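Colleague: Here it is, the structure, as structure tokens.
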Amino acid sequence: MSRHCVPGRHSTHVLAFTALLGVLACAGVAAADDRDTVARTTLGGDRAVQGCSQAAAHGDVTDVGINLCDMALRRRLSDADRGAALINRGVLHLGRHEIQASVSDFEAAIVINPRNAEAHLNRGAALVQLGQPGPAVAALTTALSLGVRQPHKAYYNRGAAREALGDLRGAYEDYTTALEIEPDWGPAEAEVARFVRTRQERLAGVLANDPNAQR
Numbered sequence: 072m073s074r075h076c077v078p079g080r081h082s083t084h085v086l087a088f089t090a091l092l093g094v095l096a097c098a099g100v101a102a103a104d105d106r107d108t109v110a111r112t113t114l115g116g117d118r119a120v121q122g123c124s125q126a127a128a129h130g131d132v133t134d135v136g137i138n139l140c141d142m143a144l145r146r147r148l149s150d151a152d153r154g155a156a157l158i159n160r161g162v163l164h165l166g167r168h169e170i171q172a173s174v175s176d177f178e179a180a181i182v183i184n185p186r187n188a189e190a191h192l193n194r195g196a197a198l199v200q201l202g203q204p205g206p207a208v209a210a211l212t213t214a215l216s217l218g219v220r221q222p223h224k225a226y227y228n229r230g231a232a233r234e235a236l237g238d239l240r241g242a243y244e245d246y247t248t249a250l251e252i253e254p255d256w257g258p259a260e261a262e263v264a265r266f267v268r269t270r271q272e273r274l275a276g277v278l279a280n281d282p283n284a285q286r
């Protein structure tokens, strides 16, 4: 997708998001591997929950992976184990592009523990893909306030949500923060190049159409 709007402030560190369904007010959104932009919970004492966690950790989005999580959730589990299984199944649903199912799993995990930062992060990422940037910003802000383990992912996704809302300055700030936290992160680096290129192209266009600039 092409991008036509850039923040008013200049920097060489700019980026944008994961995958967003729908049309943005000013710009399209580049896609990144969903597995790069969500968090995985691999903790869990129950053996079945550990199998579900391993499926999520390895990106096993086949029916086998989902069934491992389904089997775990049919067991009598502690709240911590049930929350872990729900988050991991939600991650697998997200990888299968079953976005609404993933949101339901993340929300169920939040009911169990409203302070589960990873559940809020993943819910926010899923809501961006579902085309609900407003609720996504709220979810990702909550994840950051709760001390999410991978804050660069929360900033990255929140930047995407803000970009979808037309808040390009806010998006720019979030993308920049994500890159500062994780300088070598592939999705962020790709978006830096995209913003820099777009800004340079716009500047070149302005200069080409300004008679005074040719003197």
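Once you know that position 179 of the sequence shown is 250 in the numbering used here, the rest is easy, because the numbers rise by one and skip nothing.
Beta carbons: idealized from backbone N, C-alpha and C, even for Gly.
None of these values were measured; they are calculated from a predicted model.
#1: Which residues mark the beginning and the end of the alpha helix (DSSP H) in which V199 is found?
#2: Would you kindly work out how many angstroms separate the C-alpha atoms of L236 and K224, rounded to a whole number?
#3: Which residue wins for smallest C-alpha separation from Y243, given the options A128, S149, Q125, E262?
#4: Can you say whether R160 is buried or exposed, counting buried as having 16 or more other CB atoms within 10 angstroms of its CB?
#5: If we require 4 or more residues per run, which alpha helix (DSSP H) segments fall completely within the stretch 233-260?
#6: Under a Cβ-count criterion, where at least 16 other Cβ atoms within 10 Å of its own Cβ denotes burial, should S173 be classed as buried or exposed?
#7: Are F177 and A197 close, meaning C-beta to C-beta below 8 Å?
#8: What are the boundary residues of the alpha helix (DSSP H) that E169 is part of?
#9: Which residues in the same chain as A119 place their Cβ atom closer than 7 Å to its Cβ, once the five residues preceding and following it in sequence are excluded?
#10: How many Å lie between A127 and A264 at the Cα?
#11: If you scan the stretch 121-169 from start to end, which runs of the alpha helix (DSSP H) of 4 or more residues do you find wholly inside it?
#12: Mapping the DSSP letters down to three states, classify T108 as helix, strand or coil.
#13: Give me the Cα-Cα distance between Q221 and A279, rounded to the nearest whole angstrom.
#14: Work out the CA separation of F266 and Q125 for me, nearest whole Å.
#15: V132: buried (16+ other C-beta within 10 angstroms of its C-beta) or exposed?
#16: Comparing C-alpha positions only, which one of G276, L274, G154 sits nearest to D117?
#17: With DSSP run on the structure shown, which of helix, strand or coil describes L215?
#18: Measuring straight from C-alpha to C-alpha, what distance separates V162 and A110?
Modeller: If we stick to the structure as given:
#1: 188-200
#2: 18 Å
#3: E262
#4: buried
#5: 239-252
#6: buried
#7: yes
#8: Looking at the DSSP string, E169 is not in any alpha helix (DSSP H), and its letter there is neither H nor E.
#9: M142, A143, R146
#10: 30 Å
#11: 134-144, 150-166
#12: helix
#13: 43 Å
#14: 36 Å
#15: buried
#16: G154
#17: helix
#18: 8 Å
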